[in-house]
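Heads up: the protein sequence lines correspond to chains A and B, in order. The first sequence: position 138 = 149 (the working numbering), numbered continuously. The second sequence: position 188 = 190 (the working numbering), numbered continuously. All residues carry an ideal CB built from backbone N, CA and C; glycine is no exception.
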Amino acid sequence: MPRLRNVWWLVALGALVLFPLIETNPTYTTIGVFTLIYMGCATSWNMFSGYSGYINLGSAVFYGVGAYTMTLLSDHLNFAGNGDQFWLIPVGGLAAMIVAVPVGLVALRVRRHTFVVITIAIFFVFQLSAINFSFTGGTAGLQLPLIPWLETNFNKPFYYAALAIVVFATLLSMAVRRSRFGLQLLAIRDDEDRAAGLGVKVFAVKLTGFTMSAFAVGMGGALYALFLGQIYPQFVFNPIFDISIALMSIFGGLGTLTGPLLGALVLESMQQYLAIRFSNGAYYLIVFGSLFLLIVLFMPQGIVVYLGEWRSRSKARRVEGALVVAGEAS
Amino acid sequence: MTTLLSVDRVSKAFGGLHALSECSLSVEKGSITGLIGPNGSGKTTLFNVITGYEKPDSGSVTFEGTEITNASPNKVFALGVGRTFQITRIFARISVLENMLVATQRDEGWLRGLTRSKSSKSELVSAMEWLDFVGIGRLADQHAGSLSFGQRKLLELAYVLVADPDVILLDEPAGGVNLTLINEIADKILALNKDGKSFLIVEHNMEFVMNLCDRVTVMHQGADLVSGTPSEIRSNPLVLDAYLGGSDEDDVEDAS
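Laid out in structure tokens, this is it:
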């Protein structure tokens, strides 16, 4: 029933649009902004890594490049801090795509597990560069022009910009899944050599997917920089980001459309909430870790796949039950 | 008859192991050519060299006058050489129909894939036709991973056929398959051959090869030993030696 599914998408979108209008407490709308950034990034990451099976543990490279592009351009182009920098968000995405091409040319030469290791290595090259080059401000970081908005309404533009990134990433991921290109990514996931033997130009397809997935992640990084007003290399080139994005997708359902959205929504909002709740730092990590272990143990394919299977099983049971009743009646 | 696919003195070594040494072979247009030989004689390596999965150390492969010696697998397929694998390879986590659609584009530009949908109406029709042809049309919406071993073999044959290649390389199409299905596969191959498809078949089932093939090439220790019609091959003493290890050289190898 595709129509019912469309209704659910609209309900979810409506809830996300209304959230900052109903909940005006900046503490919670801040959680909302971070959650949406992660939802967009996870969806975009999943569009390549989930579909193709090439788990990229260096996606913070794109995030960081987006953040630095936003910061350096707003400083050097003398933006006044009146919100015009929102136009730099897609530029951050484009910069991430440009960086993705040489990174992909190197990393995609190797398969699977080696690819994972190479992406981690490339990530550290970027982090160390950001720490050591002078134009990045080193460990002291960089400041963006201050945006002088009132605290009560400060979060709203960021929230809706992040929501726009989420909608964009979701629509793109949906379009890819329906295209021949997306089918080729799935074929590469299942058997790359066989796909090549059926005419799929595997390297070109992988590089295109890798580069496309960088765009929304770069935009997320740019928005993050603008939102915080200052960046440090260890926060925008953050290994926790690499892992979080992957875990959120796996948690929700790797390679599914709704999985990364749901995974990021649950995990990021919960992590942010618990971090505030237990102000003494590390407690939330325990809750977080335990939940993750439970999911991996009992729903290894992720929540979305698990619920889907559970639903079709219970439907089958209902049909069976109805048959038994019908049999008894006759 | 003209030569469709020809392999000319191809050699390939893996370290010290000479998998192929000056091996030559040709497939005539419209023929069914058999390729037999003991285990380890280099048949599958030859398939890999022809289809671009391995680069030969020397020698050349030509298809319809075009040299394809160092071409990539997708290029070779795009020119019209399809193959199946000895260990059946399908895309397990997508549906049977989607498996078919992966192969339909043959030589479409990679950017085109971004802008077009997964399938066109005509591609769906031809995909279903080929699935029905091999007899698994009713399984089109199932995950390919849920297919049985024999059904996977049929699916692999179907998705090679959907791209309409000129020559099809089959690596043990009858291996591990029950007798009814073997006969079914043989019938399909004959029907396709009548429509003009050429075949190169590696197979250990002698009855299957002898009944089906126009010509048979026997490989031994990486080289082509003899070629001829099935009846010539059957009566050739060299072939018997190759299979039963009658030569002195083999005895020495066995002893060591």
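Exercise for review: Could you tell me which chain B residues have their CB closer than 7 Å to the CB of A:R322, listed as they occur along the chain?
Suggested key: Those do not exist, as A:R322 stays about 17 Å from chain B at its closest Cβ, beyond 7 Å.
Check your understanding: Which residues, in order along the stretch 194 to 219 of chain A, keep a beta-carbon less than 8 Å from a beta-carbon of chain B?
Key -> L194, Q195, L197, A198, R200, D201, D202, D204, R205, A206, A207, G208, L209, G210, V211, K212, V213, A215, V216 and T219
Review point. Shorter than 8 Å from the beta carbon of A:R191 to some beta carbon of chain B?
Key: yes
Review point. Would you call B:Q107 buried or exposed, if buried means 16 or more other Cβ atoms sit within 10 Å of its Cβ?
Key: buried
Exercise for review: Under 8 Å between beta-carbons, which chain A residues line up against B:R91? List them in chain order, please.
Suggested key: D202, D204 and R205
Practice item. With a threshold of 16 other CB atoms inside 10 Å of the CB of B:N101, please say whether the residue is buried or exposed. Key: buried
Review point. Hey, quick one: how far does the alpha helix (DSSP H) through B:A323 stretch, first residue to last?
Key: Here chain B has residues from 3 to 258 only, and residue 323 of chain B is not among them.
Review point. How big is the Cα-Cα spacing for A:L174 and A:G208?
Key: 41 Å
Review point. How would you label B:I203, buried or exposed, when you count the other beta carbons within 10 angstroms and need 16 or more for buried?
Key: buried
Review point. Identify the residues that DSSP records as bridge partners of B:T5: which are they?
Key: B:E30
Check your understanding: B:C25 bridges to which residues according to DSSP?
Key -> B:V12
Check your understanding: With a CB to CB cut of under 7 Å and the five nearest residues on each side skipped, what residues in its chain are close to A:F30?
Key -> G43
Check your understanding: Can you list, in chain order, the residues of its chain whose CB lies under 6 Å from that of B:D216, leaving out five sequence neighbours each side?
Key -> S33 and I34
Exercise for review: Report the option in A:A227, A:L218, A:Y49 and A:G264 whose CA atom is closest to the CA atom of A:G103.
Suggested key: A:A227
Practice item. Can you tell me which of B:D166, B:D226 and B:T5 puts its alpha carbon nearest to the alpha carbon of B:T68? Key: B:T5
Exercise for review: Can you tell me which of A:V136, A:G25, A:V28 and A:L84 puts its alpha carbon nearest to the alpha carbon of A:S70?
Suggested key: A:V136
Check your understanding: What residues match up with B:L202 in a beta bridge as DSSP calls it?
Key -> B:T35 and B:L171
Review point. Could you check where the beta strand (DSSP E) with B:S60 kicks off and where it finishes?
Key: S60 to F65
Practice item. Please look up how many angstroms separate the CB atoms of A:V121 and A:I133, rounded, as I've assumed it's under 8 Å. Key: Wrong, their Cβ atoms sit about 12 Å apart, outside the cutoff.
Review point. So which residues on chain A does B:A73 lean against when the C-beta distance must stay under 8 Å?
Key: What B:A73 touches in chain A: nothing, since even the nearest Cβ is about 11 Å away.
Exercise for review: Report yes or no: do three or more beta-carbon pairs, one from the stretch 75 to 88 of chain A and one from the stretch 209 to 219 of chain A, lie closer than 8 Å?
Suggested key: no
Check your understanding: chain A partners of B:V29, CB-CB under 7 Å?
Key -> The contacting residues do not exist; B:V29 stays about 18 Å from chain A at best.
Point to revise | Minimum Cβ-Cβ distance from B:F16 to chain A less than 8 Å | key: no
Point to revise | B:D59 to B:R11 span [Cα, whole Å] | key: 10 Å
**Study point:** Straight-line gap, B:V228 to B:E24 (C-alpha atoms, nearest Å)
**Key:** 13 Å
Review point. Excluding the five sequence neighbours on either side, which residues of its own chain have a C-beta within less than 7 Å of the C-beta of B:G147, listed in chain order?
Key: A94 and R95
Exercise for review: Give every residue of the same chain whose Cβ lies closer than 6 Å to the Cβ of A:F295, excluding the five residues on either side of it in the sequence, and list them in chain order.
Suggested key: Per the sequence shown, the amino acid found at residue 295 of chain A is Tyr instead of Phe. The answer, listed in chain order, is L285, A286 and F289.
Practice item. Would you tell me roughly how many angstroms separate the C-alpha atoms of B:P167 and A:S325, rounded to the nearest one? Key: 45 Å
Check your understanding: For B:N50, which residues in chain A fall below 8 Å Cβ to Cβ?
Key -> Per Cβ cutoff of 8 Å: no residues; B:N50 is ~10 Å from chain A at best.
Review point. Interface residues of chain A around B:A188 at Cβ under 9 Å?
Key: Result: empty, since nearest Cβ-Cβ is about 24 Å, beyond 9 Å.
Point to revise | CB-CB length for A:Q154 against A:Q241, believed under 8 Å | key: 5 Å
Practice item. Tell me whether the beta-carbon of A:R200 lies closer than 8 Å to the beta-carbon of A:Y62. Key: yes
Exercise for review: Find the residues of chain A that neighbour B:I138, judging by a C-beta separation of less than 9 Å, and give them in chain order.
Suggested key: Within 9 Å Cβ-Cβ: nothing; B:I138 doesn't reach chain A, min ~18 Å.
Exercise for review: May I ask which residues mark the beginning and end of the alpha helix (DSSP H) holding B:V51?
Suggested key: K45 to I52
Review point. What does B:S119 touch in chain A if you count any residue whose Cβ is under 8 Å from its own?
Key: R189, S190 and R191
Exercise for review: Can you give me the start and stop residues for the alpha helix (DSSP H) that A:A151 sits inside?
Suggested key: It is not in any alpha helix (DSSP H) - A:A151 carries neither H nor E in the DSSP assignment.
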